[in-house]
Amino acid sequence: MKLVQNRYQLDGVDVIGLVEKYGSPVYVYQTSRMKLQYEKMLHAFKDIPVKINFACKALNNFNVLTFFRKLGSGLDAVSIQEVQLGLKAGFKPQDIIFTPNCVSIEEISEGVKLGVRINIDNISILEQFGNIYGSKVPVCIRINPHIMGGGHEKISTGHIDSKFGISAYQLPHVHRVIEATNIQVEGLHIHTGSDILDVEVFLRGAEIILEAAKSFPNLQYVDFGSGFKVPYKPDDYFTDIEHLGKELTKRFRKFYKEYGREITLIFEPGKFLVSESGYFFARVNVVKQTLSTVFAGIDTGLNHLIRPMFYDAYHHIVNVSNPKGKLRIYTVVGYICETDTFGWNRKLNEVHEGDYLAFLNAGAYCFTMSSNYNSRLRPPEVLIHQGKDYLIRQRETLDDILKNQVILDL
Ligand SMILES: *Cc1c(COP(=O)(O)O)cnc(C)c1O
């Protein structure tokens, strides 16, 4: 967001004008930023074969999926519905990796029917899969490297107590299943969690997966999952992707020599690609002075942006209506009848009722985690593409809430 003569702009589009046009609250995404992030990743790994699969669950709007497909991205899908969405958005089946957790063999078989790549994360399903498909359908295997990565405990997935992946210590068992059923393993996968800051954590993961890879002779790829940390605050730390690129490239080159050939390195970022491309705008309904603080109460809540209440995520907040106002301290809260706080003790340019606030980093896990709690309607989504704004999802109406209800005559 750029400040030009006291007005905020996104790719030249006036922000207040946008919110007035589409109404408040509203999610706005910039394709320019998505493209920039995609290209940053490609650049960091330009010296080895790399493929990027956008993680659908971060932002599943059809136009966003199509945009990434056109950039050359594949898709990371965690449910059969995401697989179906991806196919509808034009991804080729072989460009989709289906990485579910705790789903039935039936759901996995649907993925097989649709022709997408299958990533299996427990030995029970691996065995059932081998018994059904034998050597006919190759698989990827998700390994749990037992690395503690990820910012908040709720978003860390690779540690010892995690439900994800097959323990790196269970590889002998995996090999027994493979021998007994003749399964072809085309890929290995790890995903240690979200918000990993440290390049070291990725390198430790690489060590474990590349060590395991030596015992799988037919690999086409290793999938490194994601977890890159993006900046949330103006001076926040973030994963240094160029540095990671250099270090992993070195490590992979060494591996290629040991392995005898090159295989593709896959990443499946969600946040890294879309978090910073998104803004969520809301209007201040009430400024409420209490004995302890000043609340700014806005026309949205955890139903539209749950990350702060769900896992203490920080979303930077900017008063876009009063860019030069003097800084004062507010607690920004939503309208939901629960504790519904977006930020405590935030310094904002003086807030008046009717002002619009912007939440930054609203591209990933904001719309996709939204709900109708309190019978509230979901906001529209707007895409800014080449300096123009497009409505890509309509604001819900009451009909959306009633749509699937069966009304009885009691
Ligand atoms: C959620 C998820 C991702 C994306 O994680 P980000 O932190 O958004 O980059 C990638 N791979 C798998 C398997 C996931 O579950």
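Residue 29 is where the sequence shown starts when you use this note's numbering, and the numbers rise one by one after that. Virtual Cβ for every residue (Gly too), placed ideally from N, Cα, C.
- Counted as a single uninterrupted DSSP element, the beta strand (DSSP E) harbouring residue 373 occupies residues 369 to 377.
- A contact between stretches requires three or more CB pairs, one per stretch, nearer than 8 Å, and the region 68 to 87 meets this requirement with the region 103 to 116.
- For residue 324, the shortest C-beta to heavy atom distance toward ligand 1 is 7 Å or greater.
- For residue 151, the closest of 143, 172, 347, 164 by C-alpha to C-alpha distance is 172.
- Setting aside the 5 residues that flank it on each side, residue 355 is surrounded in the same chain by 375, 376, 377, 378, each with a C-beta closer than 8 Å to its C-beta; the list follows chain order.
- Following the DSSP letters along the chain, one finds residue 109 inside the alpha helix (DSSP H) bounded by residues 108 to 116.
- By the Cβ rule, the region 399 to 412 does not count as touching the region 338 to 353, because fewer than three pairs are nearer than 8 Å.
- Partner residues in a beta bridge of residue 120, as assigned by DSSP, do not exist.
- Within 10 angstroms of the beta-carbon of residue 32 lie fewer than 16 other beta-carbons, which makes it exposed.
- Annotation: the continuous alpha helix (DSSP H) that includes residue 161 extends over 151 to 161.
- In this structure, DSSP gives residue 433 a state outside helix and strand, which the three-state scheme calls coil.
- By the neighbour-count criterion, in which a residue is buried when 16 or more other Cβ atoms sit within 10 angstroms of its Cβ, residue 411 is buried.
- Within the region 67 to 96, the runs of beta strand (DSSP E) that reach at least 3 residues and sit entirely inside it are, in chain order, 78 to 83.
- A direct Cα-Cα distance of roughly 35 Å separates residue 279 from residue 335.
- Under DSSP, residue 309 takes part in a beta bridge, and its partners are 54, 386.
- Taken atom to atom, the span from the alpha-carbon of residue 101 to that of residue 200 is near 34 Å.
- Looking at the DSSP output, residue 126 sits in a beta bridge with 105, 146.
- Annotation for residue 273: the continuous alpha helix (DSSP H) segment containing it runs 269 to 287.
- Short note on residue 72: C-beta not closer than 7 Å to any heavy atom of ligand 1.
- Looking from the CA of residue 430, the closest CA among 196, 61, 404, 30 belongs to 404.
- Setting aside the 5 residues that flank it on each side, residue 232 is surrounded in the same chain by 173, 175, each with a C-beta closer than 8 Å to its C-beta; the list follows chain order.
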